[in-house]
Amino acid sequence: MKFHLLTIFPGFFEGPFRHGVVSRAADAGALSIHLHDLRDWTHDVHRSVDDRPFGGGEGMLMKPAPIFDAVETIWPERKDGTRNDRKKVILLSAQGRKFTQSTARELAGLDELLLICGRYEGVDERVAEHLADDELSIGDYVLSGGELGAAVIIDAVARLLPGVVGNHDSTVNESFENGILDCPQWTRPADFRGWKVPEVLMGGNHAEIREWRRRAALEKTGRMRPDLLA
Ligand code: SAM
Numbered sequence: 017m018k019f020h021l022l023t024i025f026p027g028f029f030e031g032p033f034r035h036g037v038v039s040r041a042a043d044a045g046a047l048s049i050h051l052h053d054l055r056d057w058t059h060d061v062h063r064s065v066d067d068r069p070f071g072g073g074e075g076m077l078m079k080p081a082p083i084f085d086a087v088e089t090i091w092p093e094r095k096d097g098t099r100n101d102r103k104k105v106i107l108l109s110a111q112g113r114k115f116t117q118s119t120a121r122e123l124a125g126l127d128e129l130l131l132i133c134g135r136y137e138g139v140d141e142r143v144a145e146h147l148a149d150d151e152l153s154i155g156d157y158v159l160s161g162g163e164l165g166a167a168v169i170i171d172a173v174a175r176l177l178p179g180v181v182g183n184h185d186s187t188v189n190e191s192f193e194n195g196i197l198d199c200p201q202w203t204r205p206a207d208f209r210g211w212k213v214p215e216v217l218m219g220g221n222h223a224e225i226r227e228w229r230r231r232a233a234l235e236k237t238g239r240m241r242p243d244l245l246a
């Protein structure tokens with residue numbers, strides 16, 4: 017799968033994708049990440065991507081022209097309005113639909129994803145209305161830029177791509193995949209500072225362990241995320 021990132025801070029992504037699953041997936045050819053500096057589509061000496069909001073108000077907004085030009089250069093077919101179901105433009109936005117594990121699964125079925133990272137007080141609304149296929153928020157809080165959100169989305173989608181996480185079961189038996197949280201887990205030592213691992217997990221009875229884990233996952237979901245059971 018191909019990811020494109022449109023940002024005024026391409027250097028931001030040098031760290032997050034150099035480690036772990038995303039880096040290994042890129043090395044194995046399961047995904048590629050293409051960074052695009054939005055300022056390459058500006059035409060003034062200051063390379064400005066922002067301007068004052070109509071109607072007044074705090075701060076600056078990202079102008080539509082460099083963003084439209086960038087997307088139409090990366091995917092020229094967008095210029096004549098042609099859409100391809102296997103390629104999506106997503107605008108990162110606190111006002112977007114909430115990004116969830118099921119959104120990650122949807123996006124993992126695409127060939128290409130282009131993520132637009134906002135900055136300042138946000139992005140001219142015409143980008144959401146006439147360019148982006150979707151507007152996604154990673155949670156109910158306001159970040160200073162879309163880059164962190166884009167990194168979250170790429171990480172969550174990447175680990176669902178075929179062959180990226182070695183053990184397929186570890187991506188289907190996870191939190192949110194079955195509508196509840198994953199069960200709590202323990203590793204060695206069996207007794208750490210007097211806190212003992214539940215006896216049943218050391219007994220080797222697989223049916224009993226499966227049932228115990230199912231109940232433990234439900235109990236933890238009820239305690240931590242009752243909204244998921246409602
Ligand atoms: N004025 C905007 C509002 O209240 O909705 C917030 C703008 S925020 C300071 C700047 C940029 O950060 C946004 O354009 C968006 O790209 C990104 N951003 C902020 N919060 C986000 C969130 N929860 N999810 C995804 N992106 C977010």
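In terms of my numbering, the sequence shown opens at residue 17 and continues consecutively.
Heads up, the beta-carbon is just placed ideally off N, CA and C, and yes, glycines get one too.
Is L77 closer than 7 Å to G138 when the C-beta atoms are compared? Counting from 1 along the sequence shown, the entry for residue 138 is found at position 122. Counting from 1 along the sequence shown, the entry for residue 77 is found at position 61. Cβ distance < 7 Å, so G138 and L77 count as in contact.
I'd like the ranges of any alpha helix (DSSP H) spanning at least 4 consecutive residues and lying wholly in the stretch 61-128. Listed in chain order, the alpha helix (DSSP H) elements of length 4 or more contained wholly in the stretch 61-128 are 80-90 and 117-124.
Does D140 pass the burial test, meaning 16 or more other C-beta atoms within 10 Å, or should it be called exposed? The residue labelled residue 140 in the question sits at position 124 within the sequence shown. Answer is buried; the Cβ neighbour count reaches 16.
Looking only at its own chain, which residues have a Cβ that is under 6 Å from the Cβ of E190, when we skip the five neighbours before and after it? As a working mapping, residue 190 is identified with position 174 in the sequence shown. Around E190: D198.
From the DSSP output, read off the bridge partner residues of V139. By one-based count along the sequence shown, residue 139 stands at place 123. DSSP output for V139 lists M78 as bridge partner(s).
Nonlocal neighbours in the same chain, by C-beta distance under 8 Å from V181, ignoring five residues either side: As a position in the sequence shown, residue 181 is number 165, starting the count at 1. These residues qualify, in order along the chain: V37, R175 and T187.
What's the C-alpha gap between S153 and A172? Mapped onto the sequence shown, residue 153 falls at position 137. Mapped onto the sequence shown, residue 172 falls at position 156. Taking the straight line from one Cα to the other gives about 14 Å.
Closest residue to L123 among E145, E151 and T98 (Cα-Cα distance): As a first step, residue 123 is located in the sequence shown; it is residue number 107 there, counting from the start. Closest option to L123, judged by alpha-carbon separation, among E145, E151 and T98: E151.
On the DSSP bridge assignment, give the partners of S153 in chain order. As a working mapping, residue 153 is identified with position 137 in the sequence shown. The partner list for S153 (beta bridge, DSSP) reads K114.
I need the DSSP call for I132, collapsed to helix, strand or coil. In the sequence shown, the residue the question calls residue 132 occupies position 116. The answer is strand: DSSP assigns I132 an E or B state.
Are the CB atoms of V65 and L54 within a distance shorter than 7 Å? For the purposes of this step, residue 54 is identified with residue 38 of the sequence shown, where counting begins at 1. For the purposes of this step, residue 65 is identified with residue 49 of the sequence shown, where counting begins at 1. Here L54 is near V65, since their CB atoms are less than 7 Å apart.
Skipping 5 residues on each side, what residues in its chain have a beta carbon closer than 6 Å to that of D149? Numbered from its first residue, the sequence shown carries residue 149 at position 133. Excluding sequence neighbours, D149 sits near K104 and V105.
I'd like the list of long-range same chain contacts for E88, defined as Cβ closer than 8 Å, with 5 residues on each side in sequence excluded. In the sequence shown, residue 88 corresponds to position 72, counting from 1. Once the five neighbours on either side are set aside, the close Cβ partners of E88 are R94 and K95.
Check I49 in the structure and name its three-state DSSP category. Residue 49 sits at position 33 when you count from the first residue of the sequence shown. Three-state DSSP puts I49 in a strand.
Of the residues R34, W57, R63 and D56, the one placed nearest I49, counting alpha carbons only: Taking the first residue of the sequence shown as 1, we reach residue 49 at position 33. The residue with the shortest Cα to Cα distance from I49 is R34.
Give me the Cα-Cα distance between K114 and G155, rounded to the nearest whole angstrom. As a working mapping, residue 114 is identified with position 98 in the sequence shown. As a working mapping, residue 155 is identified with position 139 in the sequence shown. Computed Cα separation, rounded: 6 Å.
The ligand SAM and V158: does the residue's C-beta get closer than 6 Å to at least one heavy atom of that ligand? On the sequence shown, position 142 is the one that residue 158 refers to. V158: yes, Cβ under 6 Å from the ligand SAM.
Residue of L107, L108 and W91 minimising C-alpha distance to N100: Within the sequence shown, the letter at position 84 stands for residue 100. The residue with the shortest Cα to Cα distance from N100 is W91.
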